[in-house]
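Chains as they are written, first to last, in our numbering: chain A, 1 to 929; chain B, 930 to 1192.
Think of the CB as a built atom: it goes at the ideal place given N, C-alpha and C, for glycine as much as any other residue.
Fair warning: this is a prediction, and the values are worked out from it, not measured in the lab.
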């Protein structure tokens, strides 16, 4: 409870102070000076005025005044005088004496009080005063005499604990020195530590830099989703907070790799044996909408657990939460041999996704549960496990018109589909790190997942009714072992071995057969099916040596990869119960590719003052063996690709970067297949049959003027690329199907100019951003009987944005983008589109905020000049800070029920319309326990 | 670091001693010593505080408050630890230059004056002379022990920052670190709500001599002149950055950081 204490009042010095204070509240008072009589008058006047202006004129004040002197009668300057009630120590009024030893106090309630007077080198005097009634006119005069007392003060060392200990890259902060017991969760503690800032959404920054992760006793359960921890873990368990600068996942690489990452480590109090905490969020709304989430975390001495659950039908992506936990390396930028290797999936009837927020068109019913744990069985051994299961049924409804303006005659296809995707996935990841000393580290990571994905579509293709089903089963294993050893002071050797197995069989079935023109011998065929098996076996070993000196950083990798892709495919069609296989085209069969890749890669960065140079070179020897049924082909290909880079920081405001890259990219496995494969509705694609390398050159120039903190900031970039050899296409486009075969062509060019200008308009406290982007490409292809033809496309995008930077409760961000596109193939084709947005933010009080988002889409070529407008509202109220929150969410306020867009390409145009989720209003509550 | 040089105890003077040996003439040195009038005083003591200032970079100062019944001098010179330099992600113009005299706040109760020496642009210092500000403290019922002292909590809003302090009546002065003063007891701990300013008491020792501040090289300016200076400095760099961010990116507006805001 806060007691309202009147400001110190004493007859003279404090008189002017009181006047001054009154002046600050804009009272028309005269400041008096000097002259004793005038002072007295003035004193009375000021006291009366004070009482009048403190906002409670009816409430009288009893004035107590007097002089404090020592035993010789000398005035004591700057003595403290304060009043508290007899029953407790709460100070009701206080003041200190002026240079004549005078003071003045006021009391607003009658009663018995204790008046205390104290000064340095005097004994404290205490006397009882009784105020029978409050009188404005009668002043109680209390003159006090203080007796001298020798000033005794032996040295007092209040706190020996060092509050902040800086040790190389770790800053250890003793939390006890900075807290006062009012903190609820870790976030509250962090807010009080020097150099740490916690933003409104819980993002933690150390000296302005966002941190990577928050660990507990060196263990990391959450990766970059640390807010779950900092917003829920009780403050009372914290002993120390460590700020780890130049944080590297593998501490041995810290010496040799430049990193600016910062992480926090929370050290728990020794007596804390266990802690159990978490949060629960429940939101429900109209039309049965819901989104419920739970996070339960438990810290035991050696084992830590984290359980996460999420169910919703508001279009929110639940597995997105899991990606950071499953693939932390992707987010931290660490790469290992074999990253991204998987068996390709050939067939997809999922259709396109519109370029709007996923939760506008994503009708879903998602469930996810995840269990994570960290266990330390021995001091230098740490084991981590993660399991999750997710299930979802999503619906997408779309209708499209594809217009083909091609020889021999233009035509269009109308399609309308409802697509249901059912997903069941179970995933597990386990990790063990053994670091017996500061010189070596062994890490093993295993990953397994199994999934079943069924896509079911039902709709029409022109006048034909079509139902299709694709069932894909996936089973994936990944094992990686990484050994790191420090070599001397500046070198590290890292050996990584990895084995990946991926198996993705998929079956496609359609109730209609529209390929009659392709297979003219067949008649009365009514079903079509494709049964595919796709397997990947990957094994790789890489040895890396990293070295760093004052001006340079070098890395040498030598590696060996063995990859086996196996693909079997069978396209069949049926007439009633009869199963037929076509022989008109090369369809199906067994296809294998074994690739051995022996490679070396050297990267060198050299920095000297304002200039930095980069030189990379990579050499691969590929040994490929492809077999199609019984035909075997062996190929040896060798490639060398260099990369050069120059960075020049001319001065603080002018920065320049130029790079040249020569690349030699091996053709992906799915583009080698020598037989036709069904890849979508009525789409058959055949690969090249041979293993090939495609060469290209890329030039990049970038210049920036000013920096983010300056009023004007300009960034310009230019990219020019040339694919010396590329894989083009020859498409046979028929009203009922498309057949695509590859062509090896030369010299495809592309370019991109990009300029962004930010200007801060000081009078309006608003930034104005102007953007322009022009890109184009020239290439060749064949369509039907066209022969080889040249295509050129150019796209121009211009944008303007205004974003306010008001310190008041309101801010806005508004902007528009216009895109003009032109494609020249069979004649010229143009398109124009526009997107605009307006975001408004209101922070009514620190506990209450309201955000409003508006989006408008317009496509110039859509019939009827269609505009699509979306408005969403979000309001949040902290009922009990850090404990209980209420949210209101309203999506799609105008209940816009569909969204269409229009695109052009070298063969025609494509117009598609999607059904959208109707307006939703959700009321949510989040509770922390 | 705290160094002792003869009778001159304050570390910043000691630093001056070393540095001026190289750069200044002896006369200047003598004048400087003369300006630090040392005279006997009845009762005074020294309080050391760990002072954390987290603006452009977090800096830790070992600051000292020299208290007598009529004056108090709060000294904070060069940081003893630069806990972290500022990052690229957030940008500030740091005015934290250090000269041998350093920063101080001197309160003279007899003259009702407070003098504060603080850095200004281009390695210059500015000295603000103002009346001792009356801080509208709210004393709370909370109590807590800090070392052997029984403390009471108090809070206030002073020049744009919300402070929470702990003071003890057992040391009967009305002083505190920096400009925080006016409670019926010594302020032992103080922190502002943003965590950017924090004073933590470390030790308290008796003093035999008291020191006056060194006003060399600065002419006191009034509060209105000082606020004008500060306003011209406030270019609100962070607001400029904020307004350049893409649509879904957001940062909190930290605006111009200063120990005092006069708006």
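For residue 158 of chain A, decide whether its Cβ has a neighbour in chain B, counting only Cβ atoms nearer than 9 angstroms.
One-based indexing of the first chain puts residue 158 of chain A at position 158. Chain B contact via Cβ: present.
Identity of the residue in B:1115, B:1001, B:1122 nearest residue 179 of chain A by Cα:
Against the first chain, residue 179 of chain A aligns to sequence position 179. With distances taken between Cα atoms, residue 179 of chain A lies closest to B:1122.
Name the DSSP beta bridge partners of residue 1149 of chain B, please?
In the second chain, counting from the first residue as 1, residue 1149 of chain B sits at position 220. Answer by DSSP bridge pairing, in chain order: B:1056.
Tell me, please, whether the CB atom of residue 1195 of chain B is closer than 9 angstroms to any CB atom in chain A?
Nothing about residue 1195 of chain B can be reported from this structure: the residues present for chain B run from 930 to 1192 only.
Which same chain residues end up closer than 6 angstroms to residue 902 of chain A when comparing Cβ atoms and leaving out the 5 residues on each side of it in sequence?
Position 902 of the first chain, counted from the start, is the residue given in the question as residue 902 of chain A. Taken in chain order, the residues that qualify are 859, 861, 862, 911.
Residue 106 of chain A, buried or exposed, once every other Cβ within 10 Å from all chains shown has been counted against 16:
As a first step, residue 106 of chain A is located in the first chain; it is residue number 106 there, counting from the start. Residue environment for residue 106 of chain A: buried (at least 16 other C-beta atoms within 10 angstroms of its C-beta).
Taking 8 angstroms as the threshold, find out whether the segment 280-292 of chain A comes into contact with the segment 911-920 of chain A through three or more Cβ pairs.
yes
What number of angstroms, rounded off, separates the C-alpha of residue 141 of chain A from the C-alpha of residue 230 of chain A?
The count along the first chain starts at 1 and reaches residue 141 of chain A at position 141. The count along the first chain starts at 1 and reaches residue 230 of chain A at position 230. About 56 angstroms.
At least one CB of chain A closer than 9 angstroms to the CB of residue 1006 of chain B: is that the case?
Against the second chain, residue 1006 of chain B aligns to sequence position 77. Chain A contact via Cβ: absent.
Run through DSSP, which three-state label would residue 984 of chain B get?
Mapped onto the second chain, residue 984 of chain B falls at position 55. When secondary structure is reduced to three states using DSSP, residue 984 of chain B falls in the coil class, being assigned neither helix nor strand.
Determine contact between the segment 685-695 of chain A and the segment 647-659 of chain A, defined as no fewer than three beta-carbon pairs at a distance below 8 angstroms.
no
For residue 993 of chain B and chain A, any beta-carbon pair shorter than 9 angstroms?
Locating residue 993 of chain B in the second chain gives position 64, counting from the first residue. No, its Cβ sits nowhere closer than 9 angstroms to a Cβ of chain A.
Interface residues of chain B facing residue 187 of chain A [CB-CB closer than 9 angstroms]
Counted from its first residue, the first chain places residue 187 of chain A at position 187. Under the 9 angstroms cutoff, chain B gives no residues; its nearest Cβ is about 12 angstroms from residue 187 of chain A.
Please check the pair residue 448 of chain A and residue 428 of chain A, which I expect to be a contact at CB under 8 angstroms, by giving their CB distance rounded to whole angstroms.
Here the question's residue 448 of chain A lines up with position 448 in the first chain. Here the question's residue 428 of chain A lines up with position 428 in the first chain. The distance from the Cβ of residue 448 of chain A to that of residue 428 of chain A is about 5 angstroms, consistent with a contact at the 8 angstroms cut-off.
Grab me the residues of residue 761 of chain A's own chain with a C-beta within less than 8 angstroms of its C-beta, minus the 5 sequence neighbours each way, in chain order.
If you number the first chain from 1, residue 761 of chain A lands on position 761. Spatial neighbours of residue 761 of chain A in its own chain (CB-CB distance under 8 angstroms, excluding positions within 5 residues in sequence) are listed in chain order as 767, 768.
Should residue 467 of chain A be flagged as near chain B, meaning a C-beta pair shorter than 9 angstroms?
To locate residue 467 of chain A, count along the first chain from 1; it is residue 467. Not one chain B Cβ lies under 9 angstroms of residue 467 of chain A.
Is there a C-beta anywhere in chain B that falls below 9 angstroms from the one on residue 89 of chain A?
Taking the first chain and counting its residues from 1, the one referred to as residue 89 of chain A is at position 89. Yes - at least one Cβ of chain B is within 9 angstroms of the one on residue 89 of chain A.
Interface partners of residue 1134 of chain B on chain A, CB under 8 angstroms
Reading the second chain from its first residue, position 205 is the one you call residue 1134 of chain B. Correct list: 153, 155, 156.
Pick from A:327, A:168, A:252 that is closest to residue 442 of chain A, judged by C-alpha positions:
Counted from its first residue, the first chain places residue 442 of chain A at position 442. Here the closest residue by C-alpha is A:252.
With burial defined as no fewer than 16 other Cβ atoms inside 10 Å of the residue's Cβ, what is the status of residue 1191 of chain B: buried or exposed?
In the second chain, counting from the first residue as 1, residue 1191 of chain B sits at position 262. Classification for residue 1191 of chain B: exposed.
Are residue 1068 of chain B and residue 1112 of chain B touching if we call contact CB-CB under 9 angstroms?
Numbered from its first residue, the second chain carries residue 1068 of chain B at position 139. Numbered from its first residue, the second chain carries residue 1112 of chain B at position 183. Annotated as proximal: residue 1068 of chain B and residue 1112 of chain B, with beta-carbon spacing under 9 angstroms.
Name the chain B residues whose beta carbon is nearer than 7 angstroms to that of residue 177 of chain A?
Mapped onto the first chain, residue 177 of chain A falls at position 177. Correct list: 1129.
Alpha carbon to alpha carbon, what distance is there between residue 552 of chain A and residue 624 of chain A?
If you number the first chain from 1, residue 624 of chain A lands on position 624. If you number the first chain from 1, residue 552 of chain A lands on position 552. Whole-angstrom Cα-Cα distance: 37 angstroms.
Which whole-angstrom value is the C-beta distance of residue 137 of chain A and residue 113 of chain A, which I expect to be below 8 angstroms?
Counted from its first residue, the first chain places residue 137 of chain A at position 137. Counted from its first residue, the first chain places residue 113 of chain A at position 113. Actually they do not touch by this definition, with Cβ atoms about 20 angstroms apart.
DSSP state of residue 186 of chain A, grouped into three classes?
Indexing the first chain from 1 puts residue 186 of chain A at position 186. Helix, per DSSP.
Strictly by DSSP, which residues pair up with residue 81 of chain A?
Position 81 of the first chain, counted from the first residue, corresponds to residue 81 of chain A. Paired residues: A:95, A:117.
For the segment 99-110 of chain A, list every residue whose C-beta sits within 9 angstroms of some C-beta in chain B, in sequence order.
99
Note down the Cα distance separating residue 457 of chain A from residue 352 of chain A, rounded to an integer number of angstroms.
In the first chain, the residue the question calls residue 457 of chain A occupies position 457. In the first chain, the residue the question calls residue 352 of chain A occupies position 352. When rounded, the distance between both Cα atoms is 14 angstroms.
Express the C-alpha separation of residue 755 of chain A and residue 817 of chain A in angstroms, rounding to a whole number.
Numbered from its first residue, the first chain carries residue 817 of chain A at position 817. Numbered from its first residue, the first chain carries residue 755 of chain A at position 755. Distance between the alpha carbons of residue 817 of chain A and residue 755 of chain A is about 14 angstroms.
Can you grab the Cα-Cα spacing for the pair residue 921 of chain A / residue 389 of chain A, in whole Å?
As a working mapping, residue 921 of chain A is identified with position 921 in the first chain. As a working mapping, residue 389 of chain A is identified with position 389 in the first chain. About 28 angstroms.
Any idea if residue 941 of chain A is buried or exposed, counting beta-carbon neighbours within 10 angstroms, 16 or more meaning buried?
A question about residue 941 of chain A goes unanswered here, because the residues of chain A that appear run from 1 up to 929.
For the beta strand (DSSP E) holding residue 828 of chain A, just list the boundary residues, first then last.
Reading the first chain from its first residue, position 828 is the one you call residue 828 of chain A. Here the beta strand (DSSP E) through residue 828 of chain A covers 827-845.
Partner residues on chain B for residue 124 of chain A, Cβ-Cβ distance less than 9 angstroms
If you number the first chain from 1, residue 124 of chain A lands on position 124. Correct list: 1098, 1101.
What first and last residue would you give for the alpha helix (DSSP H) that runs through residue 980 of chain A?
Nothing can be reported for residue 980 of chain A: it is not among the residues displayed for chain A, which extend from 1 to 929.
What does a CB cutoff of less than 6 angstroms around residue 796 of chain A pick up in its chain, not counting 5 residues either side in sequence?
Mapped onto the first chain, residue 796 of chain A falls at position 796. 774, 820.
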